[in-house]
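K.L.:
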Amino acid sequence: MAVDFRCSVHGSVFWGCVIILSNVLCPIDAYLYNNRYAGDQIFRITPSNEGEVQELKKLLGNIKVDLWQPNSASLIRHNATVDVHVRRNNTRGLRACLQKEHIDFKVFISNLQKEIEKQTGYRSYRKKRSESQYDYEVYHSLEEIQSWMFEINRTHPHLVDMFSIGRSYEGRPLYVLQLGKRTRSYKKAVWIDCGVHAREWIGPAFCQWFVKEALHSYQYDSVMRRLMNQLNFYIMPVFNVDGYIFSWTTDRFWRKTRSKNGKYHCRGVDANRNWKVKWCEEGASSHPCDDTYCGPFPESEPEVKAVAKFLRKHKKRVKAYVSIHAYAQMLLYPYSYKYATIPNFNCVESAAHNAVTALYSAYGVRYRYGPASTTLYVSSGSSMDWAYRNGIPYAFAFELRDTGYFGFLLPEALINPTCTETMKAVKTISSGLLKKCETGMYQLDRERYPYL
């Protein structure tokens, strides 16, 4: 297979990077994903000036790559790292061109297939261990997660209620667990969703961990007991069920939903660009083949529509919205679609500060926190901004471990510490709802602008 790299040099086109490679033939039966990632690599590239940024964009535009961070070439900035998944047939050529352009880079993962095998082990082994007592320190398939949800619902009738809020594009039920002591009185609520982006497996692992910890510690942890007595938690372990299954069976790094597009063969929509808040503006793509495709219209995805409908129905009760993503080690809050300060900034900023402080206390892991637009990048149509604009005063998005060494392939050995520290942060945010924040800013704006 011939791969043609066009390395732009000072406005001209360099044709010297031509690599001739034959297809690598190897047995596929013993490997996950039919060995499709053998020899693929993860590059971390750091352009140091605007010229290098433009050269890198041109270079990446000439080959098919999977951007991990940021998730769109338009978001590449100088002195900011770019993590990119490069197919095995393109790695040598990309390396040569980066060296010719003097753009700094390192190879984080030299053989992606081996890292995938290390992360989850072989499927036969996975099946064997999943039949025994449920293990919260491994990644689970959708079937395993949903069976676990039914079992949790069956064994904790006084604290758990399980229900479906709709069906996915491919017809799968969208299950939610409600946690909290059953009382007749009005209770504030916290919504937590995981697995919006299919390849971010640590998300569903955290949602399961949260449920486990909340139920197991209810008897002896006074903080958790108070939270469960005074709040309801709506937990959606896998938001993007179709994409999650696809990431287990076919493409480990699939991000979007699995809806079909009439004009293009490309499938799926970015479920975090499909919300009705500055839909399909900066940070989202209108092209169906892009990872940040916003969809044909807001709430086009049945998964997004179902969650939006549920949150609208319960908007008076839901006081905090938390969406779990990976990776970057950040705690983000609105706005994501613009550079502006939210009306209740002091309260939200304080909640974020307390959350990352609690998280740090577990293992000394540092999280950056702040408005998504300035801390990460501008993106429109996000669930966090939508939740905030629809009256949920505390809206957050976590980007869990790590900062790129493992990326989306966070080892199972790190599930426990990652979830333990995140649990501290979410408990801190939830505890803050039981206190009053006295800035007055948000209440004033809600009175003047009820739809803010």
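Under this note's numbering, the first residue of the sequence shown carries the number 96, and numbering increases by one thereafter.
Don't be surprised by glycine CBs; every beta carbon is placed ideally from N, CA and C.
1) Buried or exposed for Ser219, please, with buried defined as at least 16 other CB atoms from any protein chain shown within 10 angstroms of its CB.
2) Look at the alpha carbon of Cys532 and the alpha carbon of Ala490, and state the distance between them as a whole number of angstroms.
3) Under 8 angstroms between the Cβ atoms of Trp370 and Val399?
4) When the distance is taken between beta carbons, is Arg249 closer than 8 angstroms to Phe503?
5) Just the Cα atoms here: how many angstroms apart are Ser225 and Tyr234?
6) Rounded to whole angstroms, what's the CA-CA distance from Val413 to Lys358? Just pull it up for me.
7) Between the C-alpha atoms of Ala435 and Ser468, what's the straight-line distance to the nearest angstrom?
8) So, at 8 angstroms on beta carbons, what are the nonlocal neighbours of Trp349 in its own chain, with the 5 sequence-adjacent residues on each side left out?
9) For Phe405, is the classification buried or exposed, using 16 other Cβ atoms within 10 angstroms of its Cβ as the cut-off for buried?
10) What beta strand (DSSP E) runs, 3 residues minimum, are completely inside the stretch 114-202?
11) Would you tell me roughly how many angstroms separate the C-alpha atoms of Glu246 and Ser431, rounded to the nearest one?
12) So what does DSSP say about Leu254, is it helix, strand or coil?
13) What is the residue span of the alpha helix (DSSP H) that Asn449 lies within?
14) Determine, using beta-carbon pairs with one atom in the stretch 184-193 and one in the stretch 264-280, whether at least three such pairs fall under 8 angstroms.
15) According to DSSP, which residues form a beta bridge with Glu494?
16) When the Cβ atoms of the stretch 454-461 are set against those of the stretch 511-518, are three or more pairs found closer than 8 angstroms?
17) Give me the Cα-Cα distance between Glu145 and His173, rounded to the nearest whole angstrom.
18) Count the other C-beta atoms from every protein chain shown that fall within 10 angstroms of the C-beta of His360, then say buried if there are 16 or more, exposed otherwise.
19) Please work out which residues of its chain come closer than 6 angstroms, Cβ to Cβ, to Ala133, disregarding the five sequence neighbours upstream and downstream, and give them in chain order.
20) Whole angstroms is fine: what's the gap from Ile198's alpha carbon to Met331's?
21) Is the CB-CB distance between Met479 and Ser381 below 8 angstroms?
22) What residue range does the alpha helix (DSSP H) around Cys514 cover?
23) Is it buried or exposed for Arg461, if we count other Cβ within 10 angstroms and need 16 for buried?
24) Going by the DSSP bridge assignment, what does Met331 pair with across the sheet?
P.N.:
According to the structure data:
1) Summary for Ser219: the model assigns pLDDT 47, below 50, so the residue's position carries little reliability; its value from the coordinates is reported in the next sentence. Exposed, since its Cβ has fewer than 16 Cβ neighbours within 10 Å.
2) 15 angstroms
3) yes
4) No, they are not a contact pair.
5) No answer about Ser225 holds up, because its pLDDT of 44 lies below 50 and its placement is not dependable.
6) Rounded to the nearest angstrom, the two C-alpha atoms are 39 angstroms apart.
7) Computed Cα separation, rounded: 9 angstroms.
8) Counting only Cβ-Cβ distances below 8 angstroms, and skipping sequence neighbours, we find Ala293, Arg294, Gly338, Phe341, Ser342, Gly363.
9) buried
10) 136-141, 160-164, 177-181
11) Those two C-alpha atoms are separated by around 37 angstroms.
12) coil
13) 440-458
14) In short, these stretches do not touch, since the Cβ pair count stays below three.
15) His420, Met425
16) yes
17) 6 angstroms
18) exposed
19) Gln208
20) 42 angstroms
21) Going by C-beta atoms, Met479 is not nearer than 8 angstroms to Ser381.
22) 510-527
23) exposed
24) Note: Met331 sits in a beta bridge opposite Asp288.
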